[in-house]
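Here the UniProt record's numbering is used: the first residue of the sequence shown is 1, the next is one more, and so on.
Every residue gets a Cβ at the ideal spot worked out from N, C-alpha and C, and that includes glycine.
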Amino acid sequence: MLKINPKKIVEVLNNYIIGQEEAKKKIAIAIINRLRRTKLKKNIKKEIFPDNILLIGPTGVGKTEIARRISKFLDFPFIRVEATKFTELGYVGKDVESIIKDLSEISFNMIKNKFIKKKSSNIKKKVENKIIDLLIISDFDKSKIDDLSIRTKIKNNLKKKLLENKEIEVVLYNQRPIGIEIISSSELEDTVNQINNIFKNINNKNKIYKLKVKEARTLLIEDELNKIINFEYIKNQSIKLTEEKGIVFIDEIDKICISKNKSINSDISNEGVQKDLLSLVEGSYIKTKYGIINTSYILFIASGAFHDTSPNDLLSEFKGRFPIKVKLHSLTKENLKEILKKPYYSIIKKYELLLSTDNIKIIFSDSAIDYISEITYKKNLEIENLGARRLHSIINKILEDIMFNSEEYKNKNILIDKNYVSKYIKDNINIINKYIL
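Right, here's the structure in full:
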C-alpha cells in the first residue's frame with residue numbers, strides 16, 4: 001500500500017463527499033491510528049484500542065458514505081448494519097454476534113479473492129494447455145500432443161471461441177466440499193471429523209466427465225484452485241484482517257435509545273440490544289466458522305439522526321465507548337449544487353453515462369442545476385430533511401420520459417434547462433414532496 005496519512009484520506013473523500021470536513025478529518029485520524037497500531041510491538045499493540053466514533057446528523061448527508069469510501073480505498077473489511085434489525089440475545093430476531101460472523105465472511109472472501117487473483121494468470125495458462133492436450137487426444141492421438149503446429153492451430157481457435165461447444169473428457173480432482181472443510185466451531189467438531197473421514201474415503205478417486213470446452217474451462221480452473229488454496233492460511237489471515245482492520249458501521253443507533261416518549265416494553269428491548277452491542281464494542285470473543293475473533297480492536301462507528309432523541313438517551317456505558325462524537329450538518333443549497341456536479345460519478349454523471357449507452361446525450365444547464373438544488377433544499381426544510389437522497393428522486397422524475405422512450409431520443413442531444421425542469425416538477429409535485437424508495 002502507498003504511504004497514507006489523514007490528509008490523503010480526506011483528499012480521496014473530497015472526490016466523493018461534499019462538505020462534512022470535521023467528520024472526514026476525525027474518521028481519517030481514527031483509521032490512520034489503527035494502521036499506526038499495527039506497526040508497534042506486540043506487547044504494546046495489545047494495550048491500544050481504537051477510538052470508536054459516534055456520528056450525529058440527518059439522513060442523506062454522507063455519514064455512511066464516508067466510512068464506506070475509506071474502507072474501499074484502503075481495502076478494509078466493512079459492514080453496515082441497522083441497530084433496529086437486532087433483538088436482545090435470547091429473543092426472536094438477529095443477535096449481534098451475527099455482525100462479527102458476517103464481517104469475518106467478508107474478510108475471508110477478501111483474502112481468498114486476493115489469493116485467486118494472484119494465481120489466476122498462471123492457472124488460466126495451465127488450464128488452456130490442459131484443454132489443448134484434451135482436444136488433441138480427442139481429435140488425433142496422444143502421440144501428437146507435442147506437435148507445435150497442431151497446438152498453435154487449436155490455441156488460435158480457442159482464442160476465437162470456435163471450440164466452446166466441442167465436447168472433451170475431463171478428469172477432475174474431486175476435493176472435499178469447501179463449506180465442510182472450513183467449519184471449525186467446537187460444537188460441530190466431532191460431526192465434521194466424521195463427515196471428513198467419509199469424504200476422505202470417497203474423494204481420493206478422480207472422476208471423468210464429458211463436458212463442453214466452455215464448461216470444462218470453469219471446472220478445471222476451480223479444480224486447479226482447489227489443489228493449491230491453503231484454506232488454513234486464508235482462515236488465519238482473515239481472522240487477523242477482521243481484528244486489525246475490520247470496520248462495523250451501526251446505523252440508526254438513535255432508534256434504540258431509551259426515550260421518555262417510548263413504551264416501557266420498547267425501552268427494555270432497546271436497552272437489551274444496547275447491552276449486547278456493548279459487549280462487542282468493549283471486546284468479546286465471537287465464535288465464527290473461520291475461528292475465534294476478538295472484537296476488542298475492531299473499529300465501531302455508530303450513526304443516528306437523533307431527531308426525537310439525544311445521544312444522552314443512550315446508556316451511559318454504551319455512549320462512553322464512543323469517545324469521538326461528530327455532528328454532521330444539514331446540506332445547504334450550495335452543497336446540493338456541488339453534489340450534482342462535483343463528485344466522481346455524481347448523480348448527473350451517472351445518468352449521462354447510462355443514457356450514453358443508448359446514444360442519447362443529456363446536458364444539464366447551470367440554471368437547471370441551480371433550480372433543482374433550490375427545490376431540493378426547500379423541500380428538505382418544509383417536509384422532511386432527506387439530504388442528498390431527495391436529489392435522486394427529482395433527477396429520476398425529470399429524466400423518466402427520456403429513459404422510458406429512449407428509442408425516440410436516440411442520437412439526440414437534449415438540453416435540460418430550468419424550463420424543462422420546471423415543467424416536470426410542476427407536473428409531479430406530489431411525488432417530489434416525498435422520497436421515492
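(message) For a test of the three-state rule: what should DSSP assign to Y209, helix, strand or coil?
(response) Here Y209 sits in strand by DSSP.
(request) Ignore the nearest five residues each way along the sequence and tell me which others in K72's own chain have a CB closer than 8 angstroms to its CB. (result) So the list reads F78, once near-sequence residues are dropped.
(message) Let's test the definition: count the other Cβ atoms within 10 Å of the Cβ of N165 and tell me whether it reaches 16, buried, or not, exposed.
(response) exposed
(message) Comparing C-alpha positions only, which one of S303, K227, E21, F306 sits nearest to V127?
(response) K227
(message) Whole angstroms are fine: how far does the CA of M110 sit from the CA of E181?
(response) Annotation note: pLDDT 42 at E181 (below 50); position unreliable, no value reported.
(request) Report the option in K235, N236, K275, I154 whose CA atom is closest to the CA atom of A83. (result) K275
(request) Check S185 in the structure and name its three-state DSSP category. (result) Confidence in S185 is poor, its pLDDT being 41 and thus under 50, which makes the residue's placement unreliable; the coordinate value appears in the next sentence. Coil, per DSSP.
(request) Measure from the alpha carbon of E400 to the alpha carbon of each residue in L355, I375, K378, R389, then state which is nearest. (result) L355
(message) If I measure Cβ to Cβ from E65 and keep anything under 6 angstroms in the same chain, skipping five residues before and after, which residues do I get?
(response) I17
(request) Please confirm whether L54 and I324 have their CB atoms less than 9 angstroms apart. (result) yes
(request) Could you check the C-alpha separation between residue 444 and I137 for me, to the nearest Å? (result) Within the shown structure, residues of the chain are numbered from 1 to 437, placing residue 444 beyond reach of any answer.
(request) Taking only the alpha-carbon atoms, compute the straight-line gap between I286 and D358 and give it to the nearest angstrom. (result) Rounded to whole angstroms, I286 and D358 show a C-alpha spacing of 50 angstroms.
(request) With DSSP collapsed to three states, give me the class of V281. (result) helix
(message) Is I208 near the ligand COA - that is, is its Cβ less than 8 angstroms away from at least one heavy atom of it?
(response) As presented, the structure is devoid of all ligands, the ligand COA included, so that no description of it is given.
(request) Look at R389 and K379 and say whether their C-beta atoms are less than 9 angstroms apart. (result) Result no, Cβ atoms of R389 and K379 do not sit closer than 9 angstroms.
(message) Can you look up N165 in the DSSP assignment and give me helix, strand or coil?
(response) Residue state, collapsed to three classes: coil.
(request) Rounded to whole angstroms, what's the CA-CA distance from K255 to L314? Just pull it up for me. (result) 10 angstroms
(request) Grab me the residues of K124's own chain with a C-beta within less than 8 angstroms of its C-beta, minus the 5 sequence neighbours each way, in chain order. (result) I221
(message) Quick check on DSSP: helix, strand or coil for D366?
(response) The answer is helix: DSSP assigns D366 an H, G or I state.
(message) Once the 5 residues before and after K144 are set aside, which same chain residues still bring their CB inside 6 angstroms of it?
(response) I136, I150
(message) Please return the same chain residues whose Cβ sits closer than 7 angstroms to the Cβ of S107, not counting the five positions on each side in sequence.
(response) Take S107, set aside five residues on each side of it, and the residues of its chain with a beta-carbon closer than 7 angstroms to its own are P77, S238, L241, T242, G246, in chain order.
(request) Assign F404 to buried or exposed, taking buried as 16 or more other Cβ atoms, counted over all protein chains shown, within 10 Å of its Cβ. (result) Classification of F404: exposed, given that the 10 Å Cβ count is below 16.
(request) Answer yes or no: do I168 and L134 have a C-beta to C-beta separation smaller than 9 angstroms? (result) yes
(request) Decide if the region 325 to 343 is in contact with the region 289 to 296; the criterion is three or more beta carbon pairs, one per stretch, under 8 angstroms apart. (result) no
(message) On the DSSP letters alone, give me the boundaries of the alpha helix (DSSP H) that V10 sits inside.
(response) 6 to 14
(request) Report, in whole angstroms, the separation of the C-beta atoms of R37 and I48, which I expect to be a contact under 8 angstroms. (result) The Cβ separation is near 5 angstroms, so the contact holds.
(message) With H, G and I counted as helix, E and B as strand and the rest as coil, what does DSSP make of K361?
(response) strand
(message) On the criterion of 16 or more Cβ atoms from any shown chain inside 10 Å, does F300 qualify as buried, or is it exposed?
(response) F300 is buried by the Cβ-count criterion.
(request) Indicate the three-state DSSP secondary structure (helix, strand or coil) for G320 in the structure shown. (result) helix
(message) Buried or exposed, going by whether 16 or more other CB atoms sit within 10 Å of the CB of K63?
(response) buried
(request) Throw me the rounded Cβ distance for the L416 and S346 pair, which I believe falls under 8 angstroms. (result) Looking at the sequence shown, residue 416 is not Leu but Ile. No, I416 and S346 are not in contact; Cβ-Cβ is about 14 angstroms, not under 8 angstroms.
(request) Under 7 angstroms Cβ to Cβ from S367, same chain only, skipping five residues before and after it: list those, please. (result) Its chain contains D417, K418 as the residues whose beta carbon lies nearer than 7 angstroms to that of S367, once the 5 sequence neighbours on both sides are disregarded; these appear in chain order.
(request) Kindly indicate which residue of H329, I253, V248 has the alpha-carbon position closest to the one of P311. (result) I253
(request) Give me whichever residues DSSP pairs with D133 in a beta bridge. (result) In DSSP, D133 forms no bridge with anything.
(request) Indicate the three-state DSSP secondary structure (helix, strand or coil) for I178 in the structure shown. (result) Confidence is the limiting factor: at I178 the pLDDT is only 44, short of 50, which leaves the residue's position unreliable, though a coordinate-based value still follows. Assignment of I178 by DSSP, reduced to helix, strand and coil, places it in the helix class.
(request) Spatial neighbours of D102 within its chain, please: CB distance less than 6 angstroms, with the 5 preceding and 5 following residues excluded, ordered by chain position. (result) The residues are I79.
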